[in-house]
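Data first, discussion second: the structure below is written as structure tokens.
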Amino acid sequence: MNLIKVSAISGALAVILGAFGAHTLKQHLTPEQLQTFETGVRYHFYHSLALLGCGMLQLMGFEKQVKTPAILFLSGILFFSGSVYLLATRSLLHIENWSWLGPVTPIGGLFFIAGWLSLAFATYSTASRK
Numbered sequence: 042m043n044l045i046k047v048s049a050i051s052g053a054l055a056v057i058l059g060a061f062g063a064h065t066l067k068q069h070l071t072p073e074q075l076q077t078f079e080t081g082v083r084y085h086f087y088h089s090l091a092l093l094g095c096g097m098l099q100l101m102g103f104e105k106q107v108k109t110p111a112i113l114f115l116s117g118i119l120f121f122s123g124s125v126y127l128l129a130t131r132s133l134l135h136i137e138n139w140s141w142l143g144p145v146t147p148i149g150g151l152f153f154i155a156g157w158l159s160l161a162f163a164t165y166s167t168a169s170r171k
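Residue numbers for the sequence shown follow this note's numbering, beginning at 42 and rising by one.
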């Protein structure tokens, strides 16, 4: 998996969703819903940059070490940011009865935390072998 490409696509999607929120959803969401949507965009951006960092490490020969963190960051974007996007827009999408959606968000947060910790562990274990 080329993590530079994945991070570029993820970053572009974050820009698109951020612009969509600022220019289109602003007219249809409450300020609280819009703030929630922007939180999803912010974490999406942060972890797109984390994926870019993983991609740079991949290019430096650490492909095996960044595989797990990258998968966890991608899972976090999907579960955390994805559920936040849906929660913020659920009235527009007519999915107010999706009660299972709320508990998905903290699972995504755990993926983010696990991604950062696995990245730290991967770099620590690599450094200790030198």
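Heads up, the beta-carbon is just placed ideally off N, CA and C, and yes, glycines get one too.
Item: Span separating the alpha-carbon of residue 91 from that of residue 105; Value: 16 Å
Item: Residue from 45, 52, 82, 49 whose Cα sits closest to the Cα of residue 127; Value: 82
Item: Identity of the residue in 161, 63, 124 nearest residue 139 by Cα; Value: 124
Item: Backbone CA spacing between residue 95 and residue 151 [nearest angstrom]; Value: 18 Å
Item: Contacting residues, own chain, Cβ-Cβ under 7 Å from residue 159 (five flanking each side not counted); Value: 109, 110, 113
Item: Helix, strand or coil at residue 146 [DSSP, three-state]; Value: helix
Item: Nonlocal neighbours in the same chain, by C-beta distance under 7 Å from residue 62, ignoring five residues either side; Value: 75, 78, 79, 82
Item: Straight-line gap, residue 137 to residue 49 (C-alpha atoms, nearest Å); Value: 32 Å
Item: Range covered by the alpha helix (DSSP H) that runs through residue 97; Value: 72–100
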